[in-house]
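Data block below; observations after.
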Amino acid sequence: MRSRAGLVLVALAVFLAALSPLLRWYAFPRLAKIPAGQYQEMVLEAKPATLLDYGTLEAKKVEKVTIVQTLKGNVEESERIERTAGRDVVVWDSLSYIQGPDGAMVSRIPERYIFDAHTQEPVHATGESVDGDAVRREGIEFKWPFLTEKRDYVYFDAQARTSAPIHYKGTRQYRGLEVYYFEQTIPWTKVPYPKRMPIPGIDATTLERQTGTTRWYTTKRMFWVEPVTGAPVNGEEIHREELRGGSLLGGRDKVTAFAGHVKMRPDYVDSTVELVTSQRGTVLLLTSYLPWGFLAGGAALLALALWLEARGRRPDPAGDAPAPEPLRV
Amino acid sequence: MRALAAAAVGLAAALALVLTVTAIGAPTGETSPKPLLTTVPGPKD
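Chains A and B, in that order, give the protein sequences.
Counting in this note's numbering, the first sequence runs from 321 upward without gaps.
Counting in this note's numbering, the second sequence runs from 237 upward without gaps.
See the structure below:
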């Protein structure tokens, strides 16, 4: 390589070509992470629903039950846990606040979910809990990992405090996005009462022991997940709860405590789709657009450098050709 | 030989850039002052 321009082009070509895999396989896994201070709210509704009237202990059809779910990243706690865990950690304090048609509280369930900021794998640390009970999560909850795969995942069920597979059921189109559809069915399972319930004068923590009445639940959980970001753009549950046996029901075998098809409120679906679409672009920039762009740029610069070199080595046709002989008349 | 040296410079620059960017990382941010909601929020903007 003779020319200075050719050497500069070779250096730039190697720079760009090397950036391509480094960005995709070294930088992306380290840079893509859930921000520790994220705050997110979600409103879900079951319209209509069946809800237990705790005054009469009769199940009633109601116009609407609303679930307000808030996720709040606790930065101080994540930094504290990171010091011992040795990796980037996110701590989400969440609250599922369930409200009846009259605006009164039906129940409220706080959770602390601790997970790896990059992979979404659970991190086990003091404080990991559901409704004040210490739990040890396996699998994911709320969100899938970046670059979600077409396979079953293990999903944590906060009601049952256990994990079970959530099945990949195919690729769908949802509001212009390609999404992976996941489904999980939890069969009838005995679950604890929420610590906060609208039963005046009754301590929910000792309700089962005092009355013998148990709480059961089943649900079919559905998620439409945008695979690049791993973020669900829509979620639904066909959810049923029953109280069974004991002295609380006045001789009845069981009574429905809640039944309904829970769906995200349409304005929250709209804003979630908008947010995920924008985040998808950022992730694609790191995983696809920039790596391929750098590779193409590197190849183009290398080709240019080789062309310059070849041109520099080509013999000058004007200088080397023999001078024409003078014409003789 | 000079081409190899140029390629090594390009490779070293790429490594230095990526290592620096990943070492700096993304900012952690702060815990939001907003509360965990116990009321139904109005329509989302």
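Built from N, CA and C at the ideal position, the CB exists for glycine as well.
None of these values were measured; they are calculated from a predicted model.
- For the beta strand (DSSP E) containing A:PRO611, list its first residue and its last residue. In the first sequence, counting from the first residue as 1, residue 611 of chain A sits at position 291. Not the beta strand (DSSP E): A:PRO611 falls in the alpha helix (DSSP H), residues 610-633.
- Identify the continuous beta strand (DSSP E) that holds A:VAL385 and give its terminal residues. The sequence position of residue 385 of chain A within the first sequence is 65, counting from 1. For A:VAL385, the uninterrupted beta strand (DSSP E) run begins and ends at 385-393, by DSSP.
- Expressed to the nearest angstrom, what Euclidean distance is found between the alpha-carbon atoms of A:VAL649 and A:LEU621? Here residue 649 of chain A corresponds to residue number 329 of the first sequence, with the count starting at 1. Here residue 621 of chain A corresponds to residue number 301 of the first sequence, with the count starting at 1. Legend: pLDDT at A:VAL649 = 49, less than 50; position of this residue unreliable, value from coordinates given subsequently. Straight-line Cα distance between these residues: approximately 55 Å.
- Query: Do A:TYR374 and A:ILE506 have their C-beta atoms closer together than 7 Å?
  - Reply: Locating residue 374 of chain A in the first sequence gives position 54, counting from the first residue. Locating residue 506 of chain A in the first sequence gives position 186, counting from the first residue. Result no, Cβ atoms of A:TYR374 and A:ILE506 do not sit closer than 7 Å.
- Query: Is the shortest distance between the beta-carbon of B:GLY265 and the beta-carbons of chain A less than 7 Å?
  - Reply: In the second sequence, the residue the question calls residue 265 of chain B occupies position 29. It does; some Cβ of chain A falls within 7 Å.
- Task: Tell me whether the beta-carbon of A:ARG560 lies closer than 7 Å to the beta-carbon of A:THR538.
- Result: Here the question's residue 560 of chain A lines up with position 240 in the first sequence. Here the question's residue 538 of chain A lines up with position 218 in the first sequence. With contacts defined as CB atoms closer than 7 Å, A:ARG560 and A:THR538 qualify as a contacting pair.
- Message: Any C-beta of chain B within less than 9 Å: which residues of the region 393-416 of chain A qualify?
- Response: Going along the region 393-416 of chain A in chain order, one finds GLY393, ASN394, VAL395, GLU396, GLU397, SER398, GLU399, ASP408, ASP413, SER414 and LEU415 with a Cβ nearer than 9 Å to chain B.
- Query: The alpha helix (DSSP H) spanning A:ILE295 covers which residue range?
  - Reply: The question about residue 295 of chain A has no answer here: the residues shown for chain A are numbered 321 through 649.
- Message: Nearest by alpha-carbon distance to A:ARG535: which of A:TRP544, A:GLN479, A:TYR494 and A:ARG541 is it?
- Response: Walking along the first sequence from the start, residue 535 of chain A turns up at place 215. For the residues A:TRP544, A:GLN479, A:TYR494 and A:ARG541, the minimum Cα distance to A:ARG535 belongs to A:GLN479.
- Can you tell which of A:ALA630, A:GLU594, A:GLN504 and A:ARG495 has its C-alpha closest to the C-alpha of A:SER483? Here residue 483 of chain A corresponds to residue number 163 of the first sequence, with the count starting at 1. Of the listed residues, the one whose Cα sits closest to A:SER483 is A:GLN504.
- Query: In chain A, what lies closer than 8 Å to B:THR258 by C-beta?
  - Reply: The count along the second sequence starts at 1 and reaches residue 258 of chain B at position 22. The contacting residues are TYR346, ALA347, ARG350 and LEU351.
- Determine the chain A residues that contact B:ALA262 at a beta-carbon separation under 8 Å, and present them in chain order. Your numbering for residue 262 of chain B matches position 26 in the second sequence. Going along chain A in sequence order, the residues near B:ALA262 (Cβ under 8 Å) are LEU351, LYS353 and PRO355.
- Across which residues does DSSP place A:PHE543 in a beta bridge pair? By 1-based counting over the first sequence, the position of residue 543 of chain A is 223. A:PHE543 is bridged to A:PHE502 and A:GLY555.
- Message: Going by beta-carbon coordinates alone, are A:ALA366 and A:VAL575 separated by less than 7 Å?
- Response: Here residue 366 of chain A refers to the residue found at position 46 of the first sequence. Here residue 575 of chain A refers to the residue found at position 255 of the first sequence. Contact: no.
- For A:TYR475, which residues does DSSP report across the bridge? To locate residue 475 of chain A, count along the first sequence from 1; it is residue 155. DSSP lists A:ILE460 and A:ALA484 as partners of A:TYR475.
- Query: Is there a Cβ from chain A that is less than 7 Å from the Cβ of B:GLY246?
  - Reply: As a working mapping, residue 246 of chain B is identified with position 10 in the second sequence. Closer than 7 Å to some Cβ of chain A, the Cβ of B:GLY246 qualifies, so yes.
- Query: Per the contact definition of three or more C-beta pairs closer than 8 Å, is the region 590-602 of chain A in contact with the region 490-499 of chain A?
  - Reply: yes
- Query: Terminal residues of the continuous alpha helix (DSSP H) containing A:GLU431?
  - Reply: Here residue 431 of chain A refers to the residue found at position 111 when the first sequence is read from its first residue. Unbroken run through A:GLU431 is the beta strand (DSSP E), 425-436; no alpha helix (DSSP H).
- Residues of the region 352-386 of chain A with Cβ closer than 7 Å to any Cβ of chain B, in chain order: LYS353, PRO355, ALA356, GLY357, TYR359, GLU361, VAL363 and THR386
- Query: DSSP three-state call for A:ILE418: helix, strand or coil?
  - Reply: Counting from one through the first sequence, the residue named residue 418 of chain A turns up at place 98. The answer is strand: DSSP assigns A:ILE418 an E or B state.
- Message: Does A:TRP412 pass the burial test, meaning 16 or more other C-beta atoms within 10 Å, or should it be called exposed?
- Response: Locating residue 412 of chain A in the first sequence gives position 92, counting from the first residue. Classification for A:TRP412: buried.
- Task: Give the straight-line distance between the Cα atoms of A:ARG471 and A:GLU378, rounded to the nearest whole angstrom.
- Result: On the first sequence, residue 471 of chain A is found 151 positions in, with the first residue counted as 1. On the first sequence, residue 378 of chain A is found 58 positions in, with the first residue counted as 1. Approximately 42 Å, taken between the alpha carbons.
- Task: Return the Cβ separation of A:LYS392 and B:LEU272 in integer angstroms, given the expectation that the two are a contact with Cβ distance under 8 Å.
- Result: In the first sequence, counting from the first residue as 1, residue 392 of chain A sits at position 72. In the second sequence, counting from the first residue as 1, residue 272 of chain B sits at position 36. With 8 Å as the limit, A:LYS392 and B:LEU272 qualify as a contact, their Cβ atoms being about 6 Å apart.
- C-beta neighbour in chain A for B:ALA269, strict 7 Å: Counting from one through the second sequence, the residue named residue 269 of chain B turns up at place 33. For the record, residue 269 of chain B in the displayed sequence is Pro; it is not Ala. Closer than 7 Å: no.
- Message: Does A:ALA356 pass the burial test, meaning 16 or more other C-beta atoms within 10 Å, or should it be called exposed?
- Response: Counting from one through the first sequence, the residue named residue 356 of chain A turns up at place 36. Burial call: buried.
- Message: So B:ALA242 contacts chain A; which residues on that side make the cut at Cβ distance below 8 Å?
- Response: Taking the first residue of the second sequence as position 1, residue 242 of chain B is located at position 6. Under the 8 Å cutoff, chain A gives MET321, LEU327, VAL328, VAL330, ALA331 and VAL334.
- Message: So for A:GLN530, helix, strand or coil by DSSP?
- Response: Within the first sequence, numbered from 1, the residue matching residue 530 of chain A stands at position 210. Three-state result, A:GLN530: helix.
- Query: Closest Cβ-Cβ distance between A:SER591 and chain B: below 7 Å?
  - Reply: The residue given as residue 591 of chain A occupies position 271 in the first sequence. When Cβ-Cβ separations below 7 Å define contact, A:SER591 makes contact with chain B.
- Query: Can you find a C-beta in chain B that's less than 7 Å from the C-beta of A:MET588?
  - Reply: Residue 588 of chain A sits at position 268 when you count from the first residue of the first sequence. Note that residue 588 of chain A corresponds to Tyr in the displayed sequence, not to Met. Chain B, which has a Cβ nearer than 7 Å to the Cβ of A:TYR588, makes this yes.
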